[in-house]
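K.L.:
Okay, here's the structure, questions in a sec.
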Ligand code: FRU
């Protein structure tokens, strides 16, 4: 049951009005950007990062997100809001949360949404910075109509971090198990990222249980951001977006998943298998929802902290990945395949008859564009080295992105022309292990939008997500075989329509 004592926050409505005005004013310039995406979710303008409060509620998918309405850069976060009937077409709704109160003065940070016996409830982090010290607390807001949210008068519901935590104490993920609510909060201490577990009967009074899980190596993070937790098949899954240290600077990195078992008696999660949710550089802070069909749908932020973002010149930055369905692979890993609803975007199909490519041969496809889905299969073995070049310049050279499968290393990788963020991401990002099926078949499905690429290997066993910023007239697609002779089958290219 939602609590009656909802804060009277005289400024909230006015601050939301003001923020929406700012976004609306910036939206004309954003719309003129040739790199504006055509079938991915974006805010109308301004800076956005993490998805928040992903939920299937009363027949509709809701997506909230971190937005700084007043610039295309970082700043005090609000919660943007949109909904969809099909995960593909989105309707923008009014901003749901604006930071107006002392405990959230520097941002309504990431969090989740639940259906509390019919009450649409958001649980988020209030971020306040005073004298360079940050204080992060957990808060609740509720809504009667799914549009206007009011903050709980008793906020914060968790006002201090526990012994095992630190001042990094944020991004609550709330779920229900039996007749109790559980909350995992991201934190870290003594060089280890961790998820801290709480329990509540009513969503408002919380009891600290303990450390649910922590990083096992420094590479798994010194702080865990945005924990997410769900059940798939008979397994529990914890996902976290770690921050790691490189030299004396803190960097964020790939989102990890741990498949294992949650022991609700002890409050400890026992990991059995770990992996990357996405191996690309431009992927972070994903969340999941469970819909009415029982599917687990995942959406991530399709960009990364500290990236150069050419779109900022047009007053916007950041987008969401395509919705992906999460599943357990036959090898006991997690797989992520594009939600089938995305097929409605297809038009202008080009189908190629199977063909053979000799070593050193290149083939330009008579199908090009800046919003494409490409699907193909080939037989792979040790001597396979095969690439798909995308967004090639008019003269046929300079692809903005190249997707390569190397059979010697069993590796899928993406090479991008131009600048990336700090460090050298190619050391650890944009590449991952991918093995052909038992019969040697390898499948690739690529989604290319005006400034993004999502490469799915073997129906979602591996994913690499990357932002790319090609020249507008660089539209070519070609195949290159640097390895042994190769048979390409089932090659299909669709143009994808815009959702905006
Ligand atoms: C992750 C993150 C979260 C935080 C939010 C702030 O990208 O840093 O930990 O709540 O973004 O916008």
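Residue numbers (the working numbering): 51 to 550. Even for Gly, the Cβ is constructed at its ideal location relative to N, Cα and C. What you are looking at is a predicted structure, and each value in this text was computed from that prediction instead of being measured.
Give a yes or no on contact between the region 319-331 and the region 478-486, applying the rule of three or more CB pairs nearer than 8 Å.
P.N.:
The answer is yes - the region 478-486 touches the region 319-331, with three or more Cβ pairs under 8 Å.
K.L.:
Can you give the beta carbon distance from residue 119 to residue 73, rounded, assuming they're within the 8 Å contact cut?
P.N.:
At roughly 5 Å, the Cβ-Cβ gap stays under 8 Å, so residue 119 and residue 73 are in contact.
K.L.:
Could you tell me which of 341, 503, 438, 463 sits nearest to residue 105, measuring between CA atoms?
P.N.:
The candidate whose alpha carbon is nearest that of residue 105 is 341.
K.L.:
Does the region 210-222 come into contact with the region 122-137, if we say contact requires no fewer than three beta-carbon pairs (one atom in each stretch) closer than 8 Å?
P.N.:
No, they do not touch.
K.L.:
Counting beta carbon pairs with one atom in the region 529-542 and one in the region 349-359, are three or more of them shorter than 8 Å?
P.N.:
Counting Cβ pairs under 8 Å, fewer than three are found: no touch.
K.L.:
What did DSSP end up calling residue 445 once you bin it into helix, strand or coil?
P.N.:
Looking at residue 445 - three-state DSSP - the assignment turns out to be coil, as it is neither helix nor strand.
K.L.:
Find out if the Cβ-Cβ distance for the pair residue 462, residue 450 is shorter than 8 Å.
P.N.:
Cβ atoms of residue 462 and residue 450: not closer than 8 Å.
K.L.:
By the 10 Å Cβ neighbour count, where 16 or more other Cβ atoms means buried, how is residue 444 classified, buried or exposed?
P.N.:
Flag for residue 444 reads exposed.
K.L.:
Does the pairing of the region 511-528 with the region 406-417 give three or more beta-carbon distances under 8 Å?
P.N.:
The region 511-528, when compared against the region 406-417, does touch it at the 8 Å Cβ threshold.
K.L.:
Which residue spans inside the region 273-307 form an unbroken beta strand (DSSP E) run of at least 3?
P.N.:
The region 273-307 contains these whole beta strand (DSSP E) runs: 273-282, 285-296, 299-302.
K.L.:
Please list the segments of the beta strand (DSSP E) lying wholly inside the region 298-363, counting only runs of 3 or more residues, in order along the chain.
P.N.:
Runs found: 299-302, 306-313, 318-326, 334-340, 346-351.
K.L.:
Any chance the CB of residue 328 is under 7 Å from a heavy atom of the ligand FRU?
P.N.:
Not so, every heavy atom of the ligand FRU lies at least 7 Å from the Cβ.
K.L.:
From the DSSP output, in three-state form, read off residue 156 for me.
P.N.:
The answer is coil: DSSP assigns residue 156 none of H, G, I, E or B.
K.L.:
Does any heavy atom of the ligand FRU sit closer than 7 Å to the C-beta of residue 291?
P.N.:
Yes - the ligand FRU has a heavy atom lying nearer than 7 Å to the Cβ of residue 291.
K.L.:
Are there any heavy atoms of the ligand FRU lying less than 7 Å away from the beta-carbon of residue 276, as far as the coordinates show?
P.N.:
Yes; taking the cut-off as 7 Å, the Cβ of residue 276 has a heavy atom of the ligand FRU nearer than that.
K.L.:
Just to confirm my understanding: we take residue 364, look at its own chain, exclude 5 residues before and 5 after, and list those with CB closer than 6 Å. What are they?
P.N.:
Only 79, 80, 83 meet the Cβ criterion.
K.L.:
How about residue 324 and residue 348: are their beta carbons less than 8 Å apart?
P.N.:
No, these two residues do not count as a Cβ contact at 8 Å.
K.L.:
Check each candidate in 367, 436, 357, 518 and name the one with the smallest Cα separation from residue 420.
P.N.:
Of the listed residues, the one whose Cα sits closest to residue 420 is 518.
K.L.:
What whole-angstrom Cβ distance do residue 496 and residue 487 have, given they're in contact under 8 Å?
P.N.:
Not quite, the Cβ-Cβ distance comes to about 18 Å (not below 8 Å), so this is no contact.
K.L.:
Three-state secondary structure (DSSP) at residue 262?
P.N.:
Looking at residue 262 - three-state DSSP - the assignment turns out to be strand.
K.L.:
For residue 199, which residues in the same chain have their Cβ closer than 7 Å to its Cβ, ignoring the five residues on either side in sequence?
P.N.:
The residues are 146, 147, 172, 191, 192, 193.
K.L.:
Say the cut is 7 Å; is the CB of residue 334 nearer than that to a heavy atom of the ligand FRU?
P.N.:
Because some heavy atom of the ligand FRU lies under 7 Å away, the Cβ of residue 334 counts as near it: yes.
K.L.:
Can we count residue 159 as close to the ligand FRU, meaning its CB is less than 7 Å from some heavy atom?
P.N.:
Correct: residue 159 has its Cβ closer than 7 Å to the ligand FRU.
K.L.:
Less than 8 Å between C-beta atoms, sequence neighbours within five positions excluded: which residues of the same chain meet that for residue 532?
P.N.:
Within the same chain, residue 532 has close Cβ partners 409, 410, 435, 436, 437.
K.L.:
Classify residue 514: buried if its beta carbon has 16 or more other beta carbons within 10 angstroms, exposed otherwise.
P.N.:
Buried, since its Cβ has 16 or more Cβ neighbours within 10 Å.
K.L.:
Below 8 Å on the Cβ atoms is my contact criterion, and I expect residue 294 with residue 271 to pass it. Report the Cβ-Cβ distance as a whole number of Å.
P.N.:
With a Cβ gap of about 6 Å, residue 294 and residue 271 count as contacting.
K.L.:
Does the ligand FRU have a heavy atom nearer than 7 Å to the CB of residue 175?
P.N.:
True, at least one ligand heavy atom lies under 7 Å from that Cβ.
K.L.:
Just to check my reading of the structure: residue 243 and residue 292 have Cβ atoms closer than 8 Å, yes? What is that Cβ distance to the nearest angstrom?
P.N.:
5 Å between Cβ atoms; contact.
K.L.:
Could you tell me if the beta carbon of residue 127 falls within a distance shorter than 7 Å of some heavy atom in the ligand FRU?
P.N.:
Flag set: Cβ of residue 127 near the ligand FRU.
K.L.:
Do you know how far the Cα of residue 492 is from the Cα of residue 509?
P.N.:
Cα to Cα, the separation comes out at about 9 Å.
K.L.:
Could you give the C-beta distance for residue 27 and residue 163, rounded to a whole number, given that I count them as a contact under 8 Å?
P.N.:
Look at the range of the chain in this structure, 51 to 550, and you will see that residue 27 is not part of it.
K.L.:
Span of the alpha helix (DSSP H) holding residue 105?
P.N.:
It is not in any alpha helix (DSSP H) - residue 105 instead sits in the beta strand (DSSP E) that spans 96-107.
K.L.:
Taking the CB atoms as reference points, tell me whether residue 115 and residue 102 lie closer together than 8 Å.
P.N.:
In this structure, residue 102 lies closer than 8 Å to residue 115 by Cβ.
K.L.:
Looking only at its own chain, which residues have a Cβ that is under 7 Å from the Cβ of residue 179, when we skip the five neighbours before and after it?
P.N.:
For residue 179, where only same-chain residues beyond five positions count, the Cβ hits under 7 Å are 156.
K.L.:
Could you give the uninterrupted runs of the beta strand (DSSP E) lying entirely in the region 156-196, keeping only those of 3 residues or more?
P.N.:
Complete beta strand (DSSP E) runs here, min 3: 158-166, 169-180, 183-193.
K.L.:
Any heavy atom of the ligand FRU closer than 7 Å to the CB of residue 99?
P.N.:
It does: the Cβ of residue 99 is within 7 Å (strictly closer) of some heavy atom of the ligand FRU.
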